[in-house]
Structure formats: structure tokens, C-alpha cells
Amino acid sequence: MTAKGERLLAGSFVNDDFVRGHQIRDRAPLPAMPREERIPLVIVGGGIAGLSAAWRLRNRGFRDFVLLEMNDRAGGNARSGRNEVSAYPWAAHYVPVPGPKAVYVRELFEELGVLRDGVWNERFLCFSPQERLFLYGKWQEGIEPAIGLTRKDREQFQRLEDAFGAFRASGGFTIPVELGLSHSPPDLDKRSFADWLREQRVDSSLVLWYMNYCCRDDYGAMAADTSAWAGVHYFASRAPEEKGPLTWPEGNGWITAQLFDRVGSFVRTGQMVRRIERQGNRYLVLTDTVRYVTDAVIFAAPTFLAPYLVEDFGPLPKFEYSPWLTANLTIDRPPRGAGTIERAWDNVVAHSPTLGYVDATHQTLRSQVDRTVWTFYWALAEGSPAANRALLLRKDWRYWSEAILHDLERVHPDIRSCVSRIDIMRMGHAMVRPVVGAIFDPLRRKLARGEGRLLFANSDASGLSLFEEAQFRGVEAAEKALHRL
Amino acid sequence: MSLVLFISVFLISACGLIYELVAGTLASYLVGDSVFQFSTIIGCYLFSMGIGSALSRYIQRGLVHRFIWIELMIGLIGGFSSAVLFLAFAYTQAFAFLMYFVVTVIGILVGLEIPLLIRIVRGHFDFRDAVAHVLTFDYIGALAASLLFPIVLVPRLGLVRSAMLFGIINAGVALWSTYLFAAQLGARRLLRGVSAVVLAILLGGLLEAKRITAVAEDNIYADEIIFARDTRYQRIVLTRFKDDLRLFLNSHLQFSSRDEYRYHESLVHPGLAAIPAPRRVLVLGGGDGLALREILKYPQIESITLVDLDPEMTRLFRSNPMLTALNHGSFLSPKVHVVNADAFPWIDSDSASFDFIVVDFPDPTNYALGKLYTTAFYRAVARHLSAQGLLVVQSTSPMFARDSFWCIEATLRQAGLQTAPYHVYVPSFGEWGFIIASLRDYSMPKSLPPGLRFLSVPTLPALFQFPPDMAHMPMPPNTLNDQVLVRAYDRDWKDISH
Chain A
1 MTAKGERLLA GSFVNDDFVR GHQIRDRAPL PAMPREERIP LVIVGGGIAG
51 LSAAWRLRNR GFRDFVLLEM NDRAGGNARS GRNEVSAYPW AAHYVPVPGP
101 KAVYVRELFE ELGVLRDGVW NERFLCFSPQ ERLFLYGKWQ EGIEPAIGLT
151 RKDREQFQRL EDAFGAFRAS GGFTIPVELG LSHSPPDLDK RSFADWLREQ
201 RVDSSLVLWY MNYCCRDDYG AMAADTSAWA GVHYFASRAP EEKGPLTWPE
251 GNGWITAQLF DRVGSFVRTG QMVRRIERQG NRYLVLTDTV RYVTDAVIFA
301 APTFLAPYLV EDFGPLPKFE YSPWLTANLT IDRPPRGAGT IERAWDNVVA
351 HSPTLGYVDA THQTLRSQVD RTVWTFYWAL AEGSPAANRA LLLRKDWRYW
401 SEAILHDLER VHPDIRSCVS RIDIMRMGHA MVRPVVGAIF DPLRRKLARG
451 EGRLLFANSD ASGLSLFEEA QFRGVEAAEK ALHRL
Chain B
1 MSLVLFISVF LISACGLIYE LVAGTLASYL VGDSVFQFST IIGCYLFSMG
51 IGSALSRYIQ RGLVHRFIWI ELMIGLIGGF SSAVLFLAFA YTQAFAFLMY
101 FVVTVIGILV GLEIPLLIRI VRGHFDFRDA VAHVLTFDYI GALAASLLFP
151 IVLVPRLGLV RSAMLFGIIN AGVALWSTYL FAAQLGARRL LRGVSAVVLA
201 ILLGGLLEAK RITAVAEDNI YADEIIFARD TRYQRIVLTR FKDDLRLFLN
251 SHLQFSSRDE YRYHESLVHP GLAAIPAPRR VLVLGGGDGL ALREILKYPQ
301 IESITLVDLD PEMTRLFRSN PMLTALNHGS FLSPKVHVVN ADAFPWIDSD
351 SASFDFIVVD FPDPTNYALG KLYTTAFYRA VARHLSAQGL LVVQSTSPMF
401 ARDSFWCIEA TLRQAGLQTA PYHVYVPSFG EWGFIIASLR DYSMPKSLPP
451 GLRFLSVPTL PALFQFPPDM AHMPMPPNTL NDQVLVRAYD RDWKDISH
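Residue numbers (this note's numbering), protein chains in the order written: chain A, 1 to 485; chain B, 1 to 498.
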């Protein structure tokens, strides 16, 4: 009944990393006469892996290092933003409640007051209601489809649940991945998750939708482009002791900020590394202004950059990266959604190509919220990553914001009259994609083992782009570096 | 012939306007925003009349016959419109859709009436006179209806019966027309029979109207609404029946002036009277000032901080004479400091300590309110307790929502507090529960302030006794990340309402 005047919609592309990234790819000429600096250790990349390496070094009392970050702000996939309404994530927005094997993560969370005497701080656990799914024209609680299931759907969900339970019990699917790999079945890595599901005689479209959703959500890929090992890992690796996940209004940006509080003095932002060369026992790390002469390098930036930067890097493991788009929408008034169920933290629409949205003010203690920010997630999973990367660059802001609004209109018909701003971040190489053969790829495992004093710490060395893997790789690299210096 | 005919015009015109007014008033009452409701309903109605007028050209033969059928349909639909909409609001989600649908249908039918009538009477009068007379009586009917509606109908009959009455008039005009236009009419007996049936149905509706509204008002308000306002946070409604004043927030009863003393005496005194020398008190929620009234019975108290989200609420209870009579002007006491803030962030940011804390929030009907019943919240509240301090929590009904009550109790214990649950009977609520929580042992007061109407020292211990049907149930605590209370509450109340 209300007049639907077209509102003026503000917004733009933000954090366009690829401008700098493409300079590396295009091998722009090296700077002429940089200043030389002697330092025992250089960390390249200020995402969670790099910051975690720095955190470990500092906690071990080692302070002779610098961390070089290409961007103006550290954080990588755990970056966040803030406007007059709320802080909000730009990419990773939660950490599942860590299991007992994630020792380093638990150690970090104890230091940050998230875990105290074995009890998780309630204020950092995702508030009720956590998730909801829009299915058959209404919202249901939880993302796993639960309403309108046929007997076939139910039976296939149960069959998979039993299979995943058995894999979980095998102890081969752990976080960090490294710890369970030796007793997990390599055969699973030789076929796609979609093929594996076919072998399990799963053909319910609802079950397959959910399996694909999970692959898109964690890996940015369809089940057909995901290793069955990784697909199983998603379900078999976690048995949380507490209802989670851990989350903050700014997502994992909260962890970034906490780490930065501790190691910020070692971080140099806006420092693009142009070249890493071996020189006798030492490494030369070249930026536009400084030529670092160092004994060890922790390369925590995405490994696909290494062939462009590291002298004689050799062949890259079987790495494919998924392109993503995230958007932050400023919501001035709550849209009228279909159904009566309350707004949740994570809001997913069944059979949408996108991943839905997360509400940044969900973790508020207030009982009344008028304005909020939604972080909209869209892994461009269908089609080839290269074609989707090209699409990301080719289409303008209006195209993508229209696509986002169009998607949201299915569940919030009046969304256009509620949004005042849409900022969009395009990530061509948002996360490593665990393609068939990637987990047991000998090149990846060699990279992950980390020999010598050039250590690779990005989560892609684990094969899965997870916070826990990034943190594990960073801490491990720091330990190895300390050992070898 | 002519006078009788024009009285018919007058009556059906009045009927048409009444249905429109009924819809507008009903929507304003139930949904609020009367300007929007009346504007859209009048617009929708007039436009639908236009559709009806346009359609009238397709009726070529049997004008009188069709006119009578239209009258009967209007009588039936219009007569029951109010009852149907009331029930739709109480029991379905489709109130707005149904309302505009009913208004559209009635509008189309009414729009058909006048063109048909003009064509019917054309044979009896000069065309010029026919148009003039019909329209004149049409407008006079509208005036009569618009005056009758607010002055007589709504106060005397109410919306449901007014609509029924005018439905009867429509059907009466239909029956009457079978005699008036007998010469132009075949199948008179059938039409008279149908008219009689419609009249009987509407008469039945008129007599049973009370029962229909009672069914609908199970979910809404039974009494006259004397104040209704949509604030930024909630819908405040005050109703009155004789000397009984009732406050509803978002349709949930907060108190009835007849027995609220039972609730508020029990909320405050078992805790506050047990504290040796209370000086500072905090009230969370309680924007009606009734808990304040009880707290002000202790002269040694120096300051009372009341935190309520809604400034409209505290303003209303500070200034409305009917309400200040009820709370004894408690907001005007110099000891009382009102903070209009969201309780959880406020309790987190403030550092003052209090001897007595009253936690009097609406029941945990949704996750937003449920946050105020979590271990995290009670831990934050407990940090404000002085060494001798106690807090009391309104904890819904241990009878109707037994799981919920004991879930709140488990939550307080999980937050590291000792608990002393108790219950009282408040007629307008039923059995109601409270929990005193403290860092040390609680013992019942040896004396109470003078002049209490419900509590007394000898009967106090009985409050702490729970009969088997309300006895302790093992429940998990309610936490921010797992609000079991909201789900339990939903289950509890569903169980008793169906």
C-alpha cells in the first residue's frame, strides 16, 4: 500500500585489491635505489596467517622482525569496516567453536578472553536465533532444510548424516587438516564431492542443494568442483562442545583488531613486496622503498603470488582460487519479510545462487534495533573461476547492486525502500578451492611441511581457506623460523 | 410511491457509508495510524463504487430483480463485515488483505445501486427529476449516517452490531422492494423467501454479536480503549471498564488496576523489606511507576533509578491524572531518577551499586526480550549488587509456563546467584511467579511497611511453598547463544491456549 518511490541508492566498489595485485602480475619495473635495511625476519602479508606468525613471535619474546602488508590496512580476509550504524565484516565473519585439536586457536582465544577456564564467553557466541532458511515461501529456523521434507529427502539426509558420523569417528578429518591427514582416506580426494554423492545414491534436489550450499559457503565452489575429501571434511571435522559459532559485529575483523593491538608496531602497511631473492645464506625482500636483507621469510600472502615474487619458486601446487563478491548494505528500516520467524544472524535463501546475508547488529545487547548493516555474500561458484573473475571486473557497481537487490527481493519485496547504501568488494582470488586432488597433492604437502627459511604460511597451504588453518600455518611458521634462526 | 422510493435511497446510501466507516474505524482501532486507514479505505471504497457504476451498463434487463439481489448481497457482506474482520485480525495474518477485499466488494455493489435505481425510476419520473431526487436523498443518507455513526452507533451498539443492524436495513429494503416494484417483478416469491432467510441470518448475527466479539477479543481488548499510542518501541493501550483500568503493551496485559497491588506488593516487599538498611534501589522496566509506589513506602531509601526504554511510557505515567492516581505520583518524587535507555547496554556501561534491584520486564515472548533473561544479563546485573543486596525478577507464571519459570530460576543460579522463588495469585494474571536472587542467603522479612493490602508477615512463608503442579522442574539455563527460555515460553503458552 505504501508508495514505492525509487530511493537514491549510494555506494561504490571498495577495497579494490586487484589494482595492486595486477602490478605484481604484470611485473612492473623494479624500483631504482631502495634503502637497505638489515632485519632477521620478514613476514610478507598481514592477513590472519601473517598476524598470527607475528603474535607467536612476540609472545616468544622475539621482536626483530617486520610484517609487510600490501594494503593500507592489515586483515586480509578478516578485514572489516565501520559506518555510523555498525561495524561489519568484509569477508570472514565467524570462527566455529574450536575443537580440542585446535590448540593454537584455543590459546589465542584464552589470551583474548573469549575462552576462560574452559568456558566460552557467552557474549562472543552467536546469539539466538543463529540461522534461518527461506524455503517453500517461508522462513524456517536453521539452514539445513527441515520443512516440507519428503520421505526420500529425510532418508537421504539421514544416510549422509550416518556416513559423516562414521568419518568423524575415524579421526581423519581434523582442524587443523594436517593433524588427521595420515589416517584419512586418500581415495576420497580423487573424485569430486558430487561424484561421491552420486555413489551414495543421493539424488534428492533438496539434499543436493544443501550439499552445494555448504561447498559454496566454505570453499566458494560447487560440489562438482570440490574434492570429495573436502566435502566430507566440512561435515566430519566439527563436533562443537558449545552452540556457536563465535562471532562479532565486525566478524573476524575483531580478531584482526585484537592481534593488531598486540603486534601493530611490527606492521608496515602499504608496503608492496616486489621481489624475494636468495643471496647466499640470506634473502633479499624488495619493496618500492626498502631492500630488506633478512635471514628468514614467512610468506603469508596467498601462495599464488609466489611465482611472481619469489625467485626460482618452481611449480605451484594444484591451487585454484574462487572469486567472491561481498557487499555491505546499510538498512535504514527493517524490511517486511515473509513469515513471522525472527531475523537471524545468518539468513539464507534456498535455491538462490548467492549465500544470503549476515546481520551485523545481531550481536547487539540492545533489545531494539532500527538501522542495521547486512553483509551479503556471493561466491561466484558456477562456471569457471577465470570467467567469473573477468565478469567481476567487467560489470559496474550498478550491475552488481541490482543483482543483489534482485536476489533479496525474493524474500524482502520492499528491500529497495529500506536500503540506503551498498558498498561492494570484489575479490578475484578470495579463497583457495579444494579441487579434486588438491589435499593429497605432494606439492601442497611439501609446501605445508615448510623446509628451509622461506616458509609458506597462507591457509592455502592447508588446502582449505579457514581461519583455523591460517592461524595454525602462521604459528607453525613462526615456531619453525625461531627454530631455524 | 415516490416518498417510499426515496426513503429507500436514503437508507441504502446510509448503509453504504456505515460499512465504510466501520472498516475505517476497525482498522484504526486494531492497526493504528487512523489517517492512513481512513484515507486508503475511503479511496478504495470510492474507486470500487466507480467500478460498480461502470459495470452497471452491462446490466440490461431485469433491473429490479438484480437490484434486489444486490441489496441482499450488500446486507449480508456489509452486515458481517465487522465481525469477520475482527475475527480475521484475531486469528489470521490476512487482516489487511481481507479488509480491502471486503471494502472493494461492498464498494462495487454500492456503486451498482444508484445507476440501477435511476434507471428503474426513469419510467416514473422525468429523467431530470429522477437524477436530482435520487442523488439528493443519496447525499442526505450519507449525512445522516456520518452523524449517527459516532454519536449513537459506536457508543451504543459497537462496531459489530452496527454493521449487523445496517445489514438488516439493506435486506429490509430488498424485501420492501419486492412489494414496491411488484408490477415490474417476476419470481417474487423466491426473492421474498431469500430476503427472509438473509434477514433471519442477520438478526441471528445481531443477537449473537456479543459472542462473536468475545471470541475475537480473546486475542484483543475486551473493554473500551481510552488511550492508544504507537511509540517507537511498542504499542501502548489503556482500556477501562467501570473502575478497572488495564494497560496493554503490544497486546500483552501488564496490569489491571483492580488487582495490580497484589502483583506490585509481591514484586517489591519480600525482597526489599528483608534488607536491613536499603538506600539505593534500581528498577529495570516498570515504566508504569507502580513498583516505584511500593518502593517509596520505605522512607530510608535515598534514591531510586528507573531504567525504562520508552520515554512515552514514563511520560504518560508521570502526567496522566488517571494513572498518577494509580501510582500515587511516584514519578514526581525527588528520589526518583528516570533513565530512558535499553537495559542491557545501560547495565553494562553503568558502575553504580544498589541494595535492591527490581527486574520487571515483559515476558520473554521473543529473542530480543529473551536477552534480558540470560546468564550474561544476570551476571551483569549481579555486578551492581551491594554487599547486602538482593534482586527480584518477574518470572512469568509457574502454573501456565512452568518450564519457563524454572528455566529463569536455573539461569539465575547458573549466573552464580542463590535463588528464592515464590508465587502469588493475581486474578487478572492467574498464578504469578517471582524469584529473589542474591549473592548470600536470603531470609524472609520480619516486618513489612504499614498499609499493605495483600502481604502480611504471617502469610509470607506460604508464598515460598510450591504445590506439586508448580514444583521445581530441572531446566537448562537460558544463554545468549541458546535461548531455551523463548522456546520453552512459546511451548508453554501454546499448550494452554489450544
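Beta carbons: idealized from backbone N, C-alpha and C, even for Gly. These numbers were taken from a predicted model, which means no experiment stands behind them.
Item	Value
Which residues of chain B have a Cβ atom closer than 7 Å to the Cβ of serine 465 of chain A, listed in chain order?	Those do not exist, as serine 465 of chain A stays about 25 Å from chain B at its closest Cβ, beyond 7 Å.
For chain B, find out if any of its Cβ atoms is closer than 7 Å to the Cβ of lysine 138 of chain A; answer yes or no.	no
Is the separation between the beta-carbon of phenylalanine 472 of chain A and that of proline 176 of chain A shorter than 7 Å?	yes
Under 7 Å between beta-carbons, which chain B residues line up against proline 129 of chain A? List them in chain order, please.	Tyr367
Of all the CB atoms in chain B, is at least one closer than 7 Å to the CB of proline 125 of chain A?	Note on identity: in this sequence residue 125 of chain A is leucine, with proline being the wrong assignment. Taking Cβ atoms only, chain B reaches closer than 7 Å to leucine 125 of chain A, which makes this a yes.
Indicate whether at least one CB of chain B lies closer than 7 Å to the CB of arginine 366 of chain A.	yes
Taking only runs of the beta strand (DSSP E) that begin and end inside the region 158-234 of chain B, which ones reach a length of at least 3 residues, in chain order?	224-230
Is there a Cβ of chain A sitting closer than 7 Å to that of threonine 419 of chain B, yes or no?	no
Mind pulling the beta strand (DSSP E) runs of 3 or more residues that sit fully within the region 255-318 of chain B?	280-285 and 303-307
Do the CB positions of methionine 470 of chain B and methionine 399 of chain B come within less than 7 Å of each other?	yes
Once the 5 residues before and after tyrosine 442 of chain B are set aside, which same chain residues still bring their CB inside 6 Å of it?	Ala420 and Ile436
In the region 353-366 of chain B, which residues sit with their C-beta less than 7 Å from some C-beta in chain A, listed in chain order?	Asn366
Using CA coordinates, which residue listed in A/Met211, A/Glu342, A/Ala381 and A/Glu241 is at the minimum distance from serine 367 of chain A?	A/Glu342
Inspect the beta-carbon positions of isoleucine 331 of chain A and isoleucine 43 of chain A and report whether they are closer than 7 Å.	no
Quick check on glutamate 144 of chain A - is its C-beta less than 7 Å from some C-beta in chain B?	no
Considering only residues of the region 306-343 of chain A, which uninterrupted beta strand (DSSP E) runs meet the minimum length of 3 residues and lie entirely inside it, listed in chain order?	320-331
For threonine 136 of chain B, is the classification buried or exposed, using 16 other Cβ atoms within 10 angstroms of its Cβ as the cut-off for buried?	exposed
Apart from the five residues just before and just after leucine 412 of chain B, which ones in its own chain have a Cβ nearer than 8 Å to its Cβ?	Tyr378, Val393, Thr419, Ile435 and Ala437
Give me, in chain order, the residues of the same chain whose beta-carbon lies closer than 6 Å to that of isoleucine 496 of chain B; leave out the 5 immediate sequence neighbours on both sides.	Phe400
Could you give the first and the last residue of the continuous alpha helix (DSSP H) run that contains threonine 40 of chain B?	34-56
What does a CB cutoff of less than 6 Å around serine 428 of chain B pick up in its chain, not counting 5 residues either side in sequence?	Ser256 and Asp259
Going by C-alpha to C-alpha distance, which of B/Phe95, B/Val486, B/Gly62 and B/Ile18 sits closest to lysine 371 of chain B?	B/Val486
Which residues in the same chain have their Cβ closer than 6 Å to the Cβ of glutamine 156 of chain A, if we skip the five residues on either side of it in sequence?	Val202, Ser204 and Val207
Closer than 8 Å by C-beta to methionine 1 of chain A: which residues in its own chain qualify, once you throw out the five before and the five after it? Chain order, please.	Unreliable positioning characterises methionine 1 of chain A in this predicted model, as indicated by a pLDDT of 35, which lies under 50. The coordinate reading is nonetheless provided below. None.
Does any CB atom of chain B fall closer than 7 Å to the CB of glycine 243 of chain A?	The residue asked about is misnamed: residue 243 of chain A is lysine in this sequence, not glycine. Cβ-Cβ to chain B under 7 Å: yes for lysine 243 of chain A.
With DSSP run on the structure shown, which of helix, strand or coil describes threonine 479 of chain B?	strand
Scan the region 331-355 of chain B for residues whose Cβ lies nearer than 8 Å to a Cβ of chain A and list them as they occur along the chain.	Asp342, Ala343, Phe344, Pro345 and Asp348
If I measure Cβ to Cβ from glutamate 302 of chain B and keep anything under 7 Å in the same chain, skipping five residues before and after, which residues do I get?	Arg279, Arg280 and Lys335
Can you list the residues of chain B that glutamate 122 of chain A reaches, using a CB-CB cut of under 8 Å?	Thr374, Thr375, Ala376, Thr479, Leu480 and Asn481
Closest to histidine 264 of chain B by C-alpha separation, out of B/Ala415, B/Val283, B/Asn250 and B/Thr25, would be which residue?	B/Val283
Please state whether the Cβ-Cβ distance between valine 105 of chain B and isoleucine 118 of chain B is less than 7 Å.	no
Taking the alpha carbon of threonine 374 of chain B as the reference point, which residue from A/Ser128, A/Tyr104 and A/Trp248 has its own alpha carbon closest?	A/Ser128
Using a Cβ cut-off of 8 Å, pull out every chain A residue sitting near tyrosine 233 of chain B, in sequence order please.	Gln368
Beta-carbon of glutamate 84 of chain A versus every beta-carbon of chain B: anything under 7 Å?	no
Examine the Cβ distances between the region 354-366 of chain A and the region 341-356 of chain B and report whether three or more of them are shorter than 8 Å.	yes
Note down, one range per segment and in chain order, each alpha helix (DSSP H) of at least 4 residues found wholly within the region 159-213 of chain A.	193-199
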